[in-house]
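Per the working numbering, residue 33 is the first one in the sequence shown, and the count goes up by one each step.
All residues carry an ideal CB built from backbone N, CA and C; glycine is no exception.
A quick write-up on the structure given underneath.
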Amino acid sequence: MRMTGSRSRRLKSLARRWALAGLCLALAPCAHAAVLAPFEVAGDAIPQSLTGDKGDPARGRAIVVDRQKGLCLLCHSGPFAEQRFQGDIAPSLEGAGSRWSEGQLRLRLVDAPRLNRDTSMPSYYRIDGLNRVAPAFKGKPVLEAQQIEDVVAFLASLRETPTAQEKP
Ligand code: HEC
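In structure tokens form, the structure reads like this:
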């Protein structure tokens, strides 16, 4: 059977669109699996590093005070003398490393609502089961595994005694 030019063009573009949709469907699960590193929760902690390595406290501090990335200071205050605006709806991060182990800090960052369903603290390393996700964040965690480890390393360095504290 012979098709007119325009009809065959339409069929071809339709086929191309279906092929693209199929590709997206096929890739979607891999994209998700590739983004989140697997981790195990033990009690109220994630004992193992998400990357297998220790994070960098200086990079972690930068993420915590960043108004676009971590947004931590929207709710928390802490030993950040140079930061004029700090939050007061959550506990101060001062001394967090004395109160919590690295594993406990990691779970609180990864998925705080696991420990307290009603908390306003966001899940920084989670992609499914979130409601009210901005389109830009769909399908990716707010922070990457390396950034979580950097923040954990920074928080762990915040000790109760001012002398042991990280200076900016
Ligand atoms: C929208 C508000 C909000 C944001 C943003 C937020 N948190 Fe929290 N966070 C809380 C609240 C509220 C708690 C108290 C625990 C609870 O509600 O269960 C908390 C608890 C914590 C704790 C445990 C504190 C303690 O000593 O009990 C740590 C550590 C922490 N947050 C770190 C962070 C870091 C780091 C960031 C940024 C990457 C951050 N939070 C962003 C609201 C927030």
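Heavy atom of the ligand HEC within 7 Å of residue i beta-carbon
{"i": "SER152", "result": "yes"}
{"i": "ALA74", "result": "no"}
{"i": "ALA77", "result": "no"}
{"i": "ILE159", "result": "no"}
{"i": "ARG7", "result": "One cannot answer for residue 7 here, as it falls past the ends of the chain, which runs 33 to 200."}
{"i": "GLY102", "result": "yes"}
{"i": "LEU139", "result": "no"}
{"i": "VAL142", "result": "no"}
Cβ-based burial, residue i [other Cβ within 10 Å; buried from 16]
{"i": "GLY129", "result": "buried"}
{"i": "GLY182", "result": "The sequence as given places Asp at residue 182; Gly does not occur at that position. The residue is buried, with at least 16 neighbouring Cβ atoms inside 10 Å."}
{"i": "ILE95", "result": "buried"}
{"i": "ALA185", "result": "buried"}
{"i": "GLN100", "result": "exposed"}
{"i": "GLY102", "result": "buried"}
{"i": "ARG138", "result": "buried"}
Among the options, the one whose alpha carbon lies nearest that of residue i
{"i": "LEU187", "options": "GLU176, ARG158, ARG140, ASP160", "result": "ARG140"}
{"i": "GLU134", "options": "ARG99, ASP85, LEU68", "result": "ASP85"}
{"i": "GLU126", "options": "ARG191, SER38, ARG42, VAL97", "result": "ARG191"}
{"i": "SER152", "options": "CYS107, ALA90, ALA77", "result": "CYS107"}
{"i": "ARG158", "options": "ASP150, ARG149, ASN148, ALA177", "result": "ALA177"}
{"i": "VAL97", "options": "GLU114, GLY87, LEU82, ASP88", "result": "GLU114"}
{"i": "GLY119", "options": "PHE71, LEU105, ARG131", "result": "LEU105"}
{"i": "VAL73", "options": "LYS172, SER38, LEU147, SER189", "result": "LEU147"}
{"i": "ALA90", "options": "ARG39, PHE112, ARG116", "result": "PHE112"}
{"i": "GLN136", "options": "PRO79, PRO173, ASP88", "result": "PRO79"}
Same chain, Cβ closer than 6 Å to residue i, neighbours up to 5 away in sequence not counted
{"i": "ASP143", "result": "SER155, ARG158"}
{"i": "PRO123", "result": "none"}
Contacting residues, own chain, Cβ-Cβ under 8 Å from residue i (five flanking each side not counted)
{"i": "THR83", "result": "ALA69, ALA177, GLN178, GLU181"}
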